[in-house]
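Participant: The structure's right below; bear with me while I get my questions together.
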Amino acid sequence: MQYELYIDVFFLVNFMMDYILLMLLRKMLACTATHARVIIGAAAGAVLTCVIIVVPFPWAFVKLLLFHGVVNVIMLKVGLCVEWGRPFVKAFLFLYVGSFLLGGIIGFLHQYIRTGSLFFALALLGYCLTSGIWSLIEALIQYNRTHCVAVLFWKERSCQVKTLIDTGNRLRDDKMGKPVSIIRPDVARRLGFFEIPENSKELHYIHFHSIGKSEGKLPVFEIDKMCFTKDKVEILRPLLAVCGDEMDSDSYGMILNPDIYFGGNGKI
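The opening residue of the sequence shown carries number 5 in our numbering; numbering runs sequentially from there.
This is the structure:
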C-alpha cells in the first residue's frame, strides 16, 4: 500500500503544532524566550520531522529515537533556550504533559468538527483551552501555597482559623525580636484576648504602617502554640496582633507572617 504525502502541508501542520506546543511550554515554565525564538524552534522541529519522515531508515525504532531524542531536544534548546540539567529534565517532562493535554483536547473537539479545513481553527481552540486549564491549575497550586488552616492554642482555649500566608506581612516585634501575625477581633475573642487587663504584662503594642493608614498601633500577645495540620507543623509561642475590622470576615481570620511559617521563630 502506498501513501501520497504532501510535504508542504505536512510541514505546515507540524510547524503549527510545534509552535502551539512551545507557546504552551513557555507559559508552563514561565520562560523568557522571545516570540521569534519560539517560531525558529517550531520551524526547526517541523523541518527535522519532515527529514526523518522522508529519509528511509532500516528500523522503525530509529525514527522513534530521532523523534523523541533529537527533535524534541532541539526544539527545547532552540525555541526556549532551556539550560541542561534539572531545568531541561523539567522542560522535557512538561513537553509531554503539554502534548497530552493538547492532544486530548483536540481529539475530543475533533468529533464535533468534521470539516478538515477547520483543523487550524481546531488547533487554535485547543491551545486556548489547554492554556486556560494550565492557568486554572497554577491558580489552584498558588491558592494551596498561600491558604491553610491553623489551630491556635492559648491557656485552656483553642480555635481553628482560616489563614492567609501573606508575603506582604513583615511585622516584627521590636521588644521580643519575633515576627508577628495578625488576627481578627472575633478570633481574638475566641481565644480570650479581651479578658486580658490593660495593664497586664501579657500585653504590649507595636507600631505599623499600611496602605490608607499612615501609622497606627496594634495590641500584641503571645500564645502557647500554633499548629498546621496539613503540614504537621507546630510553632511554639508565636506572637499575634489584633487588628480592627479591616480584614474580610468571610475569607480568613489570620494573616500569617511568612517568616514564622518558613523557618521562623519556634518552628519545630
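Backbone N, C-alpha and C define an ideal beta-carbon position, used for all residues, glycine too. Since this is a predicted model, take the numbers as computed values, not measurements.
#1: How long is the line joining the alpha carbons of Ala50 and Tyr147, rounded to whole angstroms?
#2: Helix, strand or coil for Met180 per DSSP?
#3: Can you tell me the Cα-Cα spacing of Glu142 and Leu33, whole angstroms?
#4: Have a look at Val191 and Trp138 and give me their C-alpha separation to the nearest angstrom.
#5: Out of Leu140, Leu99, Met20, Arg149, which one is the CA nearest neighbour of Lys234?
#6: Leu106 and Leu28 - do their beta-carbons sit closer together than 8 Å?
#7: Is it a yes or a no for the region 165-181 touching the region 67-76, going by three-plus beta-carbon pairs under 8 Å?
#8: Whose C-alpha, out of Glu160, Thr171, Thr134, is nearest the C-alpha of His151?
#9: Judging by CA-CA distance, which residue of Asp228, Leu144, Lys166 is the nearest neighbour of Glu160?
#10: Would a C-beta distance cut-off of 8 Å place Leu207 and Phe225 closer than the cut-off?
#11: Apart from the five residues just before and just after Leu260, which ones in its own chain have a Cβ nearer than 6 Å to its Cβ?
#12: Tell me, to the nearest whole angstrom, how far the beta carbon of Met79 is from that of Gly45; I am working on the premise that it is less than 8 Å.
#13: Identify the continuous beta strand (DSSP E) that holds Leu207 and give its terminal residues.
#14: Identify which residue in Val58, Pro62, Trp63, Val74 has its Cα closest to the Cα of Ala275.
#15: If contacts are defined as beta-carbon pairs under 8 Å, then Ile264 and Pro242 qualify, I think. What distance do you get, rounded to the angstrom?
#16: So for Gly51, helix, strand or coil by DSSP?
#17: When DSSP labels each residue in this structure, what does Val191 get in the three-state scheme?
#18: Once DSSP output is grouped into helix, strand and coil, what is the label at Lys221?
#19: Consult DSSP for Phe232 and reduce its assignment to one of helix, strand or coil.
#20: What is the rounded straight-line gap between the Cα of Leu129 and the Cα of Pro60?
#21: How would you label Lys205, buried or exposed, when you count the other beta carbons within 10 angstroms and need 16 or more for buried?
#22: Helix, strand or coil for Cys152? Go by DSSP, reduced to three states.
#23: Taking DSSP as the reference, what is the three-state secondary structure of Leu161?
#24: So who's on the other strand from Cys258, going by DSSP bridges?
#25: Grouping DSSP H, G and I as helix and E and B as strand, with all else coil, what is Tyr23?
Facilitator: Checking against the coordinates, here is how it stands:
#1: Here the question's residue 50 lines up with position 46 in the sequence shown. Here the question's residue 147 lines up with position 143 in the sequence shown. Cα-Cα distance, rounded: 38 Å.
#2: By one-based count along the sequence shown, residue 180 stands at place 176. Correct three-state label for Met180: coil.
#3: Mapped onto the sequence shown, residue 142 falls at position 138. Mapped onto the sequence shown, residue 33 falls at position 29. Their Cα atoms are separated by approximately 11 Å.
#4: Position 187 of the sequence shown, counted from the first residue, corresponds to residue 191. Position 134 of the sequence shown, counted from the first residue, corresponds to residue 138. The alpha-carbon atoms of Val191 and Trp138 are separated by roughly 36 Å.
#5: Locating residue 234 in the sequence shown gives position 230, counting from the first residue. Measuring from the Cα of Lys234, the nearest candidate turns out to be Arg149.
#6: On the sequence shown, residue 28 is found 24 positions in, with the first residue counted as 1. On the sequence shown, residue 106 is found 102 positions in, with the first residue counted as 1. Yes, the pair counts as a contact, with Cβ atoms nearer than the cut-off.
#7: no
#8: The residue given as residue 151 occupies position 147 in the sequence shown. Per the Cα distances, Thr171.
#9: Along the sequence shown, read from residue 1 onward, the residue named residue 160 stands at position 156. The option with the nearest alpha carbon to Glu160 is Asp228.
#10: Translated into positions along the sequence shown, residue 207 becomes position 203. Translated into positions along the sequence shown, residue 225 becomes position 221. Yes. Within cutoff.
#11: Taking the first residue of the sequence shown as position 1, residue 260 is located at position 256. Scanning its chain for C-beta atoms nearer than 6 Å, with the 5 sequence neighbours on each side dropped, one finds around Leu260 the residues Thr167, Ile169, Ser185, in chain order.
#12: Along the sequence shown, one-based indexing puts residue 79 at 75. Along the sequence shown, one-based indexing puts residue 45 at 41. With a Cβ gap of about 5 Å, Met79 and Gly45 count as contacting.
#13: As a first step, residue 207 is located in the sequence shown; it is residue number 203 there, counting from the start. Unbroken run through Leu207: none, as it is neither H nor E.
#14: Residue coverage of the chain in this structure runs from 5 to 272, which leaves residue 275 outside it and unanswerable.
#15: In the sequence shown, residue 264 corresponds to position 260, counting from 1. In the sequence shown, residue 242 corresponds to position 238, counting from 1. That belief holds up - the Cβ atoms of Ile264 and Pro242 are roughly 6 Å apart, short of 8 Å.
#16: For the purposes of this step, residue 51 is taken as residue 47 along the sequence shown, with counting starting at 1. The sequence shown places Val at residue 51, rather than the Gly named in the question. Here Val51 sits in helix by DSSP.
#17: Within the sequence shown, numbered from 1, the residue matching residue 191 stands at position 187. Three-state DSSP puts Val191 in a helix.
#18: Start at 1 with the first residue of the sequence shown, and residue 221 comes out as number 217. Of the three classes helix, strand and coil, the one that applies to Lys221 here is strand, per DSSP.
#19: Within the sequence shown, numbered from 1, the residue matching residue 232 stands at position 228. Reduced to three states, the DSSP call for Phe232 is strand.
#20: Taking the first residue of the sequence shown as position 1, residue 129 is located at position 125. Taking the first residue of the sequence shown as position 1, residue 60 is located at position 56. In a straight line, the C-alpha of Leu129 is about 35 Å away from that of Pro60.
#21: Counting from one through the sequence shown, the residue named residue 205 turns up at place 201. Lys205 should be labelled exposed.
#22: Taking the first residue of the sequence shown as position 1, residue 152 is located at position 148. Here Cys152 sits in strand by DSSP.
#23: On the sequence shown, residue 161 is found 157 positions in, with the first residue counted as 1. A quick correction: the sequence has Arg, not Leu, at residue 161. Three-state DSSP puts Arg161 in a strand.
#24: Looking up residue 258 in the sequence shown gives position 254. The identity of residue 258 in the sequence shown is Met, whereas the question assumes Cys. The partner list for Met258 (beta bridge, DSSP) reads Thr167, Ile187.
#25: In the sequence shown, residue 23 corresponds to position 19, counting from 1. Three-state DSSP puts Tyr23 in a helix.
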